[in-house]
DNA sequence: CTACACTCTGTAGCGGCTACAGGCTCAAGA
DNA sequence: TCTTGAGCCTGTAGCCGCTACAGAGTGTAG
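Chains as they are written, first to last, in our numbering: chain V, 1 to 129; chain B, 130 to 258.
See the structure below:
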């Protein structure tokens, strides 16, 4: 299976697949001639990566998850810890964005209410403290 | 006023200030000897940039805002349009993050409920479609 | 046999910084 | 006066997660 087919099946860009190989997230597949020759397990692994990205994990975290995934025993606790940490970061970022959203929405809502076409947004950005 | 003092006053990293100059967001200040010599208006401008960043604007958008800020006339409408566009992007990103947060929280909540220490997070990432 | 789609490697760019290395300058203290 | 050391200078490279080339090679269908 050539890289184009893998790209189709996984939704990952061809360049991205090669990038993942370069950084060691995917093993270099065997070659048929000079072309990379992928098997179904590569497709699975790539889909795993992709879904990990969709959940906002970094490539490094995904690498860890990929290492943990086939293990037995304490796997779930370790993964859970990782996921919970990620969730905390996510929530922190979310809280920041919500603050920004609120502040900006408030400013924009005041646009057009000032005399002389004065702009509340600019006013906020330019004011002294 | 030397760059260190500006850094203190604005909370911007020294390297960042020089970076802003390099990309043309801040004008190159005059020199006293070989040292950059800033005035109060530079501090104002930098604070403007910083607050713009805190509202999530890109440096390019901030450049536009800085150009618009001292104008009269149609300023507010233009700024408002920019800010509204930014707000839309922000809300889209927020919606994405909330989806991720919900999905991940749901998965993590199921950790430890599976037999054989099987992990719901890994299960989600590895499952076929 | 030719045309053409696909793949290859290697490199550089994006945004928004941050982190050096290696040198220069300036003011205060001995 | 001389030295020390904090601060500044330039230039370059790195971070993440791709993406976009250039320029070459390969494989297959007509």
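For each residue, glycine too, the CB sits at the ideal point set by N, CA and C.
| Query | Result |
| --- | --- |
| Residue(s) in a DSSP beta bridge with residue 164 (chain B) | B:161 |
| Contact list for residue 112 (chain V) against chain B, beta-carbon separation under 9 Å | 205, 206 and 209 |
| Whole-angstrom C-beta distance between residue 184 (chain B) and residue 103 (chain V), which should lie under 8 Å | 7 Å |
| 6 Å CB neighbourhood of residue 175 (chain B) in its chain, flanking five on each side removed | 139 and 141 |
| Contact under 9 Å by Cβ, residue 125 (chain V) with residue 180 (chain B) | yes |
| Straight-line Cα distance separating residue 6 (chain V) from residue 16 (chain V) | 11 Å |
| Residue 184 (chain B), DSSP secondary structure in three states | coil |
| Interface partners of residue 227 (chain B) on chain V, CB under 9 Å | 94 |
| Proximity of residue 191 (chain B) and residue 236 (chain B) at Cβ, strictly below 9 Å | no |
| Helix, strand or coil at residue 119 (chain V) [DSSP, three-state] | coil |
| Where residue 220 (chain B) sits in the DSSP three-state scheme | helix |
| Neighbourhood of residue 1 (chain V) by C-beta, 6 Å cutoff - its chain only, sequence neighbours within 5 removed | 38 |
| Near-chain B residues of the region 15-29 of chain V (beta-carbon distance less than 9 Å), N- to C-terminal order | none |
| Contact check, residue 240 (chain B) vs residue 118 (chain V), beta carbons under 9 Å | no |
| Contact check, residue 130 (chain V) vs residue 157 (chain B), beta carbons under 9 Å | This structure does not reach residue 130 (chain V), given that chain V is present from 1 up to 129, and the question cannot be answered. |
| Neighbour-count burial assignment, residue 132 (chain B), 16 or more Cβ in a 10 Å radius | buried |
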